[in-house]
Amino acid sequence: MAWFKRTQKGIQTPTEHKKDVPKGLWYKSPTGKIVDAEQLESNFYVSPEDGYHVRIGSNEYFKILFDDNKYKELDKGMTSKDPLDFEDTKKYTDRLKAAQEKTGLKDAVRCAVGKSKGKDLVIACMDFKFVGGSMGSVVGEKIARAADHALKNKLPFMIISKSGGARMQEAALSLMQLAKTSVKLAQLADAKIPYISLATDPTTGGTTASFAMLGDINISEPGALIGFAGPRVVKDTTGKDLPKDFQTSEFLKEKGFLDFITKRSELKDKVNLYLDLIQNQPVRA
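Letter by letter, the sequence shown follows residues 1 to 285 in UniProt numbering.
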């Protein structure tokens, strides 16, 4: 039985020499379509196979909307101080630290000012990957300060919402941000400074109940989930079957809650077109 003592394997397969495939080379859409990651990025993170709009964050939206991806970030270092000393299964401070280390973000919103098609624009963009894009005191304060910057400099303002709602770890302090942000947007309206709201997938809870639906123009992307409570919660509470496409951007547009839905590839042009129209300015090419 000398073959038991072989030092070299008698049968070798290609799999023994195969290297691990790096993660992130391919993306699988909810409909099962496989897309090359580089192709997805070049197509504004929209699957060319089925038109599915992949969830993206502030880095990607800033790259899409700001000319040459150049902008100045506002209040970059602001973080929560956990005023309630909150703890459930984990300390809130530990959750924040873990989220910051994982995402490289300070909190669930980034605010910036830069040029879009040659004109200054202030944008506040939420990041769902940071604690579900939940709205706490830092999110409310940064949006309020961004609105103040727009008001002081007479610049149009845009919020890109992507959130699971109010941050429960901050309790009433989180709910206070609904009023704070709404007041700031009312000040912009009084000053006749345009505000555009882009609700992306998902936009739910207190975000929907405040700034996400207060735009001079409310817009969204195809297939985005928008609502207060999620569809599963609504169905469990009411015990009734929900309408087809319930709480999708298409459903909300049909019911009059949205002004229009735009493909991500057309977002920059559409936003600036409506800003020009609102301000009675020549339409930029």
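For glycine and all other residues, C-beta sits at the position ideal for the given N, C-alpha and C.
My output table needs one value for residue i: the three-state DSSP class, helix, strand or coil.
i	result
residue 276	helix
residue 40	helix
residue 236	helix
residue 182	helix
residue 21	Note that residue 21 has pLDDT 40, beneath the 50 cutoff, so the model's placement of it is unreliable and no number is given.
residue 151	helix
residue 87	strand
residue 1	Because residue 1 carries a pLDDT of 49, less than 50, the predicted location of this residue cannot be relied on, and no value is offered for it.
residue 108	coil
residue 158	strand
residue 193	coil
residue 67	helix
residue 34	strand
residue 271	helix
residue 52	coil
Confirm the yes/no value for this check: CB of residue i, any heavy atom of the ligand COA, distance under 6 Å.
i	result
residue 243	Looking for the ligand COA in the displayed structure turns up nothing, as the structure carries no ligands at all.
Assuming contact is defined by CB atoms lying nearer than 7 Å, are residue i and residue j in contact in what I supplied?
i	j	result
residue 102	residue 128	no
residue 187	residue 86	no
residue 108	residue 130	yes
residue 164	residue 134	yes
residue 46	residue 264	yes
residue 71	residue 124	no
residue 215	residue 177	no
residue 204	residue 224	no
residue 105	residue 137	no
residue 145	residue 75	yes
residue 270	residue 262	yes
Check the Cβ-Cβ distances between residue i and every residue of chain B, and say whether any is below 7 Å.
i	result
residue 271	Of the chains in the structure shown, none is chain B; there is only one protein chain.
Go ahead and label residue i buried or exposed: buried means 16 or more other beta carbons lie within 10 angstroms of its beta carbon, across all protein chains shown.
i	result
residue 283	exposed
residue 260	exposed
residue 247	buried
residue 28	exposed
residue 237	exposed
residue 156	buried
residue 31	exposed
residue 152	exposed
residue 142	buried
residue 150	buried
residue 118	exposed
residue 185	buried
residue 227	buried
CA-CA distance, residue i and residue j?
i	j	result
residue 212	residue 35	31 Å
residue 251	residue 209	17 Å
residue 21	residue 64	With a pLDDT of 40 at residue 21, under the threshold of 50, the modelled position of that residue is not reliable, and no figure is offered here.
residue 171	residue 122	29 Å
residue 272	residue 218	14 Å
residue 90	residue 48	41 Å
residue 222	residue 96	31 Å
residue 41	residue 61	12 Å
residue 279	residue 193	8 Å
residue 57	residue 159	13 Å
residue 79	residue 88	20 Å
residue 268	residue 195	15 Å
residue 100	residue 94	10 Å
residue 243	residue 220	20 Å
residue 275	residue 239	43 Å
residue 245	residue 202	14 Å
residue 154	residue 198	20 Å
residue 52	residue 126	20 Å
residue 120	residue 241	46 Å
residue 68	residue 116	9 Å
residue 257	residue 189	19 Å
residue 37	residue 266	20 Å
residue 26	residue 59	20 Å
Legend entry - Inter-stretch contact (C-beta, 8 Å, three-pair minimum) for the segment 169-182 and the segment 220-234: Between the segment 169-182 and the segment 220-234, the count of Cβ pairs shorter than 8 Å is below three; the stretches do not touch.
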